[in-house]
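Engineer: Submitted below is the structure of interest, expressed as structure tokens.
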Ligand code: DGY
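Numbering (the UniProt record's numbering), first residue to last: 1 to 322.
If you want it as structure tokens, here you go:
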């Protein structure tokens, strides 16, 4: 009898084909994210689960599993999964780093460029028939990138790749990380380690690249916004919960910081009446950091491989926890 797997959303055809050759496959086709009660009842008889960042694979859900061997998430982030519980119960967890590094760094850089040069705002000006109102020489100015200091919070794969982009634009790059990287690598990337307080006070742009954990939950709050330069921008492509959104809204409204570019939100999706949608000094993207055709194909390949390994009692290619 084939082992049973469940997908909380559909995947590319090639991936489904591969999975169907080996397993009995069920795909959730209803509302996204899947309701917790449906997930709880489905997980009972599963050998493998393919999930996505909006799903909450918490203890309550996992407690219902009787023979689950692996959770394979279509994401680099895994803060939606109770890793401790999975580990205690010998459930492997696979995720998809590396393949989305370039796409996500591109997105961070895109938000940075858009925020400083006011591209999305300009698009709205044209669409709203207001172009004639910005004819003056000083009416609609942004900021140069060259010479500005980019502060990278979290210099992992994506942070390092962002540094390469910024270097090509002649920006100064400082970073803060749990661990300093080697002198040699710092030199190659053209980055300088600074204490967190320095990163906050010296950066013209701060880009966040830390995972969401208990320690990083809402670390970007009013205390930090008050210390940032009034002309500074905040970019976030990591997780919305790393930022205190209420404080960010106040900081942007009161122009305590100049602007922000975000791809991630505390709760997703937001609706069109969310206070964020009223702010002109905010550029938003609907959590599409990894969303390129090429990257998503590689993520699907990896998600399938991770699942197959886990079901066969092996470590996923990229594995967290057990
Ligand atoms: C991830 O992979 O965690 C990104 O946020 C895209 O979902």
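Ideal placement from N, C-alpha and C gives every residue a C-beta, glycine not left out.
When the distance is taken between beta carbons, is residue 221 closer than 9 Å to residue 194?
Structural biologist: Going by C-beta atoms, residue 194 is not nearer than 9 Å to residue 221.
Engineer: Leaving out the 5 sequence neighbours to the left and right, which residues in its chain are closer than 7 Å to residue 134 when beta-carbon positions are compared?
Structural biologist: The answer, listed in chain order, is 125 and 140.
Engineer: In chain order, which alpha helix (DSSP H) runs of at least 4 residues are fully inside the stretch 207–254?
Structural biologist: For the stretch 207–254, whole alpha helix (DSSP H) runs of length 4 or above, ordered along the chain, are 222–227 and 245–253.
Engineer: Compute the distance between the beta-carbons of residue 205 and residue 155, then report whether it is under 9 Å.
Structural biologist: In this structure, residue 155 does not lie closer than 9 Å to residue 205 by Cβ.
Engineer: Would you kindly check if the distance between the Cβ of residue 107 and the Cβ of residue 240 is under 9 Å?
Structural biologist: No, Cβ-Cβ distance for residue 240 and residue 107 is not below 9 Å.
Engineer: Taking a cut-off of 5 Å, which residues have a beta-carbon closer than that to any heavy atom of the ligand DGY, in chain order?
Structural biologist: Cβ atoms closer than 5 Å to the ligand DGY belong to 53, 75, 76, 77 and 290.
Engineer: DSSP state of residue 76, grouped into three classes?
Structural biologist: Residue 76 falls in the coil class under three-state DSSP.
Engineer: For residue 109 and residue 162, which I take to be in contact (beta-carbon distance under 8 Å), what is that distance rounded to the nearest angstrom?
Structural biologist: Going by Cβ atoms, the distance from residue 109 to residue 162 rounds to 6 Å, so yes, they are a contact pair.
Engineer: Taking 9 Å as the cut-off, decide whether the C-beta atoms of residue 23 and residue 4 are in contact.
Structural biologist: Yes, Cβ-Cβ distance for residue 23 and residue 4 is below 9 Å.
Engineer: For residue 9, which residues does DSSP report across the bridge?
Structural biologist: Paired residue(s): none; residue 9 is not in a bridge.
Engineer: May I have a chain-ordered list of the alpha helix (DSSP H) segments no shorter than 4 residues that lie completely inside the stretch 94–182?
Structural biologist: Qualifying alpha helix (DSSP H) stretches, in chain order: 101–117, 119–127 and 157–168.
Engineer: Under three-state DSSP, which class holds residue 40?
Structural biologist: Helix, per DSSP.
Engineer: Could you tell me which of 218, 82, 266 and 275 sits nearest to residue 322, measuring between CA atoms?
Structural biologist: For residue 322, the nearest C-alpha among the options comes from 82.
Engineer: Quick one: residues in its chain with C-beta nearer than 7 Å to the C-beta of residue 130, no 5 flanking neighbours on either side, listed in chain order?
Structural biologist: Same-chain partners within the cutoff: there are none.
Engineer: Since residue 83 is in the alpha helix (DSSP H), which residue starts that stretch and which ends it?
Structural biologist: Where residue 83 is concerned, the enclosing alpha helix (DSSP H) stretches over 83–88.
Engineer: For the pair the stretch 296–310 and the stretch 54–67, tell me if three or more CB-CB distances fall below 8 Å.
Structural biologist: Because the criterion of three Cβ pairs below 8 Å is not met, the stretch 296–310 and the stretch 54–67 do not touch.
Engineer: Tell me the DSSP bridge mates of residue 192?
Structural biologist: The partner list for residue 192 (beta bridge, DSSP) reads 174.
Engineer: Alpha helix (DSSP H) containing residue 311: first to last residue?
Structural biologist: Note, residue 311: alpha helix (DSSP H), 293–311.
Engineer: Would you identify the three-state DSSP class for residue 4, choosing helix, strand or coil?
Structural biologist: Residue 4 falls in the strand class under three-state DSSP.
Engineer: By DSSP, does residue 264 sit in helix, in strand, or in coil?
Structural biologist: In this structure, residue 264 counts as coil in the three-state DSSP scheme.
Engineer: Among the residues of its own chain, which have a CB less than 7 Å from the CB of residue 143, if the five just before and after it don't count?
Structural biologist: Cβ within range, chain order: 116.
Engineer: With distance defined between alpha-carbon atoms, name the residue in 293, 271 and 295 nearest to residue 284.
Structural biologist: With distances taken between Cα atoms, residue 284 lies closest to 271.
Engineer: For residue 232 and residue 183, I'd like the C-alpha separation in whole angstroms.
Structural biologist: Between residue 232 and residue 183, the C-alpha separation is close to 28 Å.
Engineer: Alpha carbon to alpha carbon, how far is residue 315 from residue 273? Give it in angstroms, no decimals.
Structural biologist: Taking the straight line from one Cα to the other gives about 44 Å.
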